[in-house]
Amino acid sequence: MASPAQGQSVELQAADVTCLGGADPAKYPLQKKRHSLEFLRTIAHLRPRTNTFGAVARVRSALSGAIHNFFQNRGFVYIHTPIITTSDCEGAGQMFQVTTLDLKQPPMIAGQVDFSADFFGQAANLTVSGQLEAEIYALALGDVYTFGPTFRAENSNTSRHLSEFWMVEPECAFCDLAGDVGLAEEFLKAIFSHILQHCPEDMSFFNKLIDSTVIETLEKIIQSDFERISYTEAVEILTRSRENFAFPVSWGADLATEHERYLTEKWVNKPVVVTDYPKEIKPFYMRLNDDGRTVAAMDVLMPKIGEIIGGSQREERYQALQSRMLEAGLSLDTYWWYLELREFGSAPHAGFGLGFDRLVQFVTGMSNIRDVIPFPRTPKSAAF
RNA sequence: UCCCCGGUAGCUCAGUUGGCAGAGCGGGUGGCUGUUAACCACCUUGUCGCUGGUUCGAGUCCGGCCCGGGGAGCCA
4 MASPAQGQSV
14 ELQAADVTCL
24 GGADPAKYPL
34 QKKRHSLEFL
44 RTIAHLRPRT
54 NTFGAVARVR
64 SALSGAIHNF
74 FQNRGFVYIH
84 TPIITTSDCE
94 GAGQMFQVTT
104 LDLKQPPMIA
114 GQVDFSADFF
124 GQAANLTVSG
134 QLEAEIYALA
144 LGDVYTFGPT
154 FRAENSNTSR
164 HLSEFWMVEP
174 ECAFCDLAGD
184 VGLAEEFLKA
194 IFSHILQHCP
204 EDMSFFNKLI
214 DSTVIETLEK
224 IIQSDFERIS
234 YTEAVEILTR
244 SRENFAFPVS
254 WGADLATEHE
264 RYLTEKWVNK
274 PVVVTDYPKE
284 IKPFYMRLND
294 DGRTVAAMDV
304 LMPKIGEIIG
314 GSQREERYQA
324 LQSRMLEAGL
334 SLDTYWWYLE
344 LREFGSAPHA
354 GFGLGFDRLV
364 QFVTGMSNIR
374 DVIPFPRTPK
384 SAAF
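For reference, each letter of the first sequence is one residue, going 4 to 387 in our numbering.
Here you go:
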């Protein structure tokens, strides 16, 4: 019925009310007041009932749908890459081991655990990335993407890291670095537009109560052209800046958080794509440039949260890949199938990885990544 | 993992020089009211993170540990 009160056009008039499930007000933890996000994290089974976590859940779901739409509409094939992997070092940090062996009394051979007696007949881990497997399908089907959980056993205690997080990884055949950067820019803009269009109520909620700049930031990014600079240019800009950095800038060293923030927040206040990093600070699979000292890598840096996308053109030349693997001290046997992709009908290809939870963070303005995933897993914390 | 800050009532916090454990909110009861985080009165609430020490006496001082926050590293 019509409501005489302000701020609402209609209201319910109940003829009959039945209580289906009571909640003792003396015990119910959610009070009629503002709770801290830290406290709500300790009651993860009740926090989705709050307006903030409801809005986060809806936007997270909408973002997820937008990502699938974006790729499906462009003919990308969604690939389910494995969660359990026996590639013992995918090169992206510490892995969680998966085993059915009795940890109190594992089978031993010559003082070493005998993993041939383990479930898979060898040591197995949770994946840190679906990229290498995505490359297999890209070189068969063309454009593909993965979107699934990823696991890192790093002891990272920050507002931007989870031990279990979701990652989006497109991989495109017949694509070079410029094409990869273009895809990343188009992708982010499409996702942001989708959210502004489809979640206006939740977005104004975030803008009002969480971060008063989120909507404006997203709108600006949609309209802006991402700045593209090479690592070498970035180092020059940083050196010329006369900023008082805690970490010195020099060619060959990785960019620190403060450097990335300067580039994206002060130098130009918009997303910056840094390309062509020194090969020493990037993984073996990135394509060696003609200068012999840099690789075709790219990082998309966003104001406030820093790196949101990391990608590269992959090394498609057999000899070049082999020598980079040897330089990195990797076993060629472990990656025999990865090398065979270059031996049998190789093609230029490129892709990137996007931290999905960081994307949710950026879109909602939520400052801690533990508050944009329903059940966060971090060091010393996996309750619920 | 490193640096800094914190942990006191269900929640958010105060607690002086080492000397009886506090407030607001919440909850209960009553009142009032087309309310919007209602309002008024009264009542209710403690393993002061854990542990060892100093002291006549420790929330307060010292050591160790656990957990949380901010920053850094690693990265997405």
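The beta carbon of each residue, even a glycine, is placed where N, CA and C say it ideally should be. Small disclaimer: the values here were computed from a predicted structure and weren't measured.
Per the C-alpha coordinates, the member of 36, 292 and 191 positioned closest to residue 282 is 292. Contact annotation: residue 230 and residue 275 have beta-carbon atoms nearer than 8 angstroms. Counting C-beta pairs closer than 8 angstroms gives three or more between the segment 217-229 and the segment 186-195, which meets the contact rule. Spatial neighbours of residue 87 in its own chain (CB-CB distance under 6 angstroms, excluding positions within 5 residues in sequence) are listed in chain order as 101 and 127.
Between residue 35 and residue 28, the alpha-carbon positions lie close to 10 angstroms from each other.
Here the C-alpha atom of residue 140 lies approximately 12 angstroms from the C-alpha atom of residue 341.
Taking the CA atoms as reference points, residue 71 sits about 11 angstroms from residue 64. With distances taken between CA atoms, residue 219 lies nearest to 367 out of 16, 367 and 31.
CA-CA distance, residue 148 to residue 85, rounds to 13 angstroms. Per DSSP, residue 201 is not a residue of any beta strand (DSSP E); the alpha helix (DSSP H) it occupies stretches across 180-201. Going by DSSP, residue 340 is part of the alpha helix (DSSP H) stretching over 339-346.
If you ignore the 5 residues before and after residue 68, its C-beta comes within less than 6 angstroms of no other C-beta in its own chain.
Each of 299, 316, 315 and 365 was checked against the Cα of residue 307, and the nearest Cα belongs to 365. No alpha helix (DSSP H) of 4 residues or more sits fully in the segment 59-108. With a beta-carbon spacing of about 26 angstroms, residue 221 and residue 353 fall beyond the 8 angstroms limit used to define contacts. Counting the other CB atoms within 10 Å of its CB gives residue 209 a total of 16 or more, which places it among the buried residues.
Taking C-beta separations shorter than 7 angstroms and ignoring five residues to either side along the sequence, the partners of residue 358 in its chain run 168, 170 and 311, following chain order. At the C-beta level, residue 376 and residue 164 stay beyond 8 angstroms of one another.
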